[in-house]
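Chains as they are written, first to last, in the working numbering: chain A, 536 to 828; chain B, 536 to 828.
Backbone N, C-alpha and C fix where the C-beta goes; we use that ideal spot for every residue, glycine too.
As structure tokens, the structure follows; a few thoughts come after it.
What follows is the structure in structure tokens.
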């Protein structure tokens, strides 16, 4: 891939030459891998510590014993980002993929001939100011359910992404930008790559984690921020009708930060004033935190 | 990998040299791939047509547009098997993996720079007679549920295998050979790589497909065979207690054919006479069918 840099277990190459994964890599054969995505602001990674802590949570849920230390992996990410930024001045998207390793076909871990493999992909990321805020994002509550935590826990950020991908394709076919998924009881969980919030009469609402979703780092920081600022907030299960009648709806993710939703199914919304205020203040806080590091 | 041959989009190499998958291959990044496994008897593939028909069913469920024709892929499988058997006299296991392709990170199909990629892995398979029938297989009904068809349909044979892998690891930790999974209503669905049958008072019982399982080709052929032989058979949902009190329990798969279960949770079983009879007759039929082709 053009304009990408790939670090495969310590060897950095251009994305164009990154054709070095084994056919027997378990991420390729079974999606038996974990990953994290974080970005930089002015070249400084944001929330890297939190992302690596969550990677270790995913590993526990996946019974995957990671061979590398957090410090080693962080240093490899920083090295790759630095090398990328020597040629590209833009901020970067950094994805780290941890595969359980390479081995003979078969589930047994005794088949693994090598320890966990890591792959780091670095590429440019869009500037905060370039996001088309007025357009926002148009979401469909799709028929496809989110994975049940008793089958495959969405709290684990893994290489098994077909559930979300198929939700995304369903929404795209119907002309939407992206998808929201419910659990088997009809309660909203999350989007394909983001968490969901709505605002009604000044109260900010989001779904509780046990319904089946990722413990989003932006979600987590925003909730902390709402508490500090005494902005009314509640975590409670809700169905799609609540979104239809909400005053404002927004999503959160490490790449989109706080971002307005402008349509839910057939119901149009305007980017709301509290959403835009949260977006601005949250972004300032992110920058301030990056400067401290 | 030793003693394997890999065909990557038409190029055949030893498994030892098969380090040529792109980091941007969607099977690697998202588990966004489909697969089939079949074997040969005396060098002749069994059920290849059925496996390819099912691959196309999986592709429809996954909204994946396959670029190659069935005839082309079959010819590539046969070519790879033939080349393997020039050096190895044993029968072979053949796995074909279809990846949605290679492209920039992101769900959008517009990111795909190339059409579907195929990878064929060929290796030796154990002889039918070498299976330790008396030992059979010891299975645990694990706590982890099978994927809900409304989230990710188990009828689709995909590269998202963590649900089954984690079920397998759970059973292994508890000292069992492999796992059986229930759906959210507590009804048995299937094992990690096989379908499930039990026999009570001469009646053969298995779970209906809509509960959430693969439409196994051995399962399908066995059901057809039971009908022809007027052996009483019923497809009905059942819970684990039915297995505990069953006279015989067995599994089916393309690799294990009909194979006795010798333990379910704490309940031991002996390989039953009807199971062994079905195993023998089924195997003879498989051989006869291979000779016809």
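- In this structure, the beta-carbon distance from residue 557/B to residue 556/A falls below 8 Å.
- Listed along chain A is no residue with a C-beta nearer than 7 Å to that of residue 765/B; the closest approach is about 38 Å.
- For residue 567/B, the chain A residues whose C-beta falls within less than 9 Å of its own C-beta are 566, 696, 697 and 700, listed in chain order.
- Secondary-structure assignment with DSSP links residue 794/A through a beta bridge to 786/A.
- At a cut-off of 8 Å between C-beta atoms, residue 654/B counts as an interface residue with respect to chain A.
- In the same chain as residue 605/B, and ignoring 5 residues on each side of it, the C-beta atoms closer than 6 Å to its own belong to 587, in chain order.
- Nearest Cα to residue 613/B within the set 540/B, 774/B, 683/B and 775/B: 540/B.
- Sequence-distant partners of residue 795/A (beyond 5 residues in either direction) whose C-beta falls short of 6 Å from its own C-beta, in its chain, are 671, 785, 806 and 810.
- Unbroken beta strand (DSSP E) runs of no fewer than 3 residues, entirely contained in the stretch 587-637 of chain A, are found at 627-634, following chain order.
- When 567/A, 682/A and 583/A are compared, the shortest CA-CA separation from residue 720/A is found for 682/A.
- Within chain A, no C-beta atom comes nearer than 7 Å to that of residue 751/B; the closest sits roughly 18 Å away.
- The beta carbon of residue 787/A does not come within 8 Å of any beta carbon belonging to chain B, so the residue lies off that interface.
- Boundaries around residue 546/A are those of the beta strand (DSSP E), 546-549, since no alpha helix (DSSP H) includes it.
- Residues of chain A whose Cβ lies closer than 9 Å to the Cβ of residue 602/B do not exist; the shortest such Cβ separation is about 17 Å.
- Listed along chain A, the residues sitting closer than 7 Å to residue 536/B by beta-carbon distance are 559 and 639.
- Assigned with DSSP and collapsed to three states, residue 661/A falls in coil, not helix or strand.
- Within the same chain, 733 and 769 come within 6 Å of residue 740/B by CB-CB distance, once the 5 residues on both sides are set aside.
- It is roughly 12 Å from the alpha-carbon of residue 566/A to the alpha-carbon of residue 634/B.
- Secondary structure at residue 732/A: strand, using DSSP grouped into helix, strand and coil.
- Residue environment analysis places residue 602/A among the exposed positions, since fewer than 16 neighbouring C-beta atoms fall within 10 angstroms of its C-beta.
- Using beta-carbon distances, residue 737/A does not count as an interface residue toward chain B, since no partner is under 8 Å.
- CA-CA distance, residue 641/A to residue 711/B, rounds to 16 Å.
- If you check the CB distance, residue 658/A and residue 627/A come in under 8 Å.
- Among the residues of the stretch 584-613 of chain B, those with a Cβ less than 8 Å away from any Cβ of chain A are 597 and 598, in the order of the chain.
- From the listed residues 792/B, 621/B and 728/B, the smallest Cα separation to residue 819/B is found for 792/B.
- Beta-bridge annotation (DSSP): residue 825/A is not paired with any residue.
- Taking 8 Å as the cut-off, the beta carbon of residue 690/A is found no closer than this to the beta carbon of residue 790/A.
- With fewer than 16 other CB atoms across the displayed protein chains lying within 10 angstroms of its CB, residue 664/A is exposed.
- Between residue 702/A and residue 727/A, the C-beta spacing is below 8 Å.
- Its chain contains 636 and 638 as the residues whose beta carbon lies nearer than 6 Å to that of residue 647/A, once the 5 sequence neighbours on both sides are disregarded; these appear in chain order.
- Look at residue 816/B here: in three-state DSSP terms it is helix.
- Only 654, 656, 658, 678, 679, 680, 681, 682, 683, 685, 686 and 687 from the stretch 654-687 of chain A bring a Cβ to less than 9 Å from some Cβ of chain B.
- The Cβ atoms of residue 779/B and residue 766/B lie no closer than 8 Å to each other.
- The alpha-carbon of residue 826/A is positioned some 8 Å away from that of residue 579/A.
- Sequence-distant partners of residue 632/B (beyond 5 residues in either direction) whose C-beta falls short of 6 Å from its own C-beta, in its chain, are 568, 570 and 654.
- The beta-carbon distance between residue 724/B and residue 747/B, rounded to whole angstroms, is 5 Å. This is short enough to meet the 8 Å contact definition.
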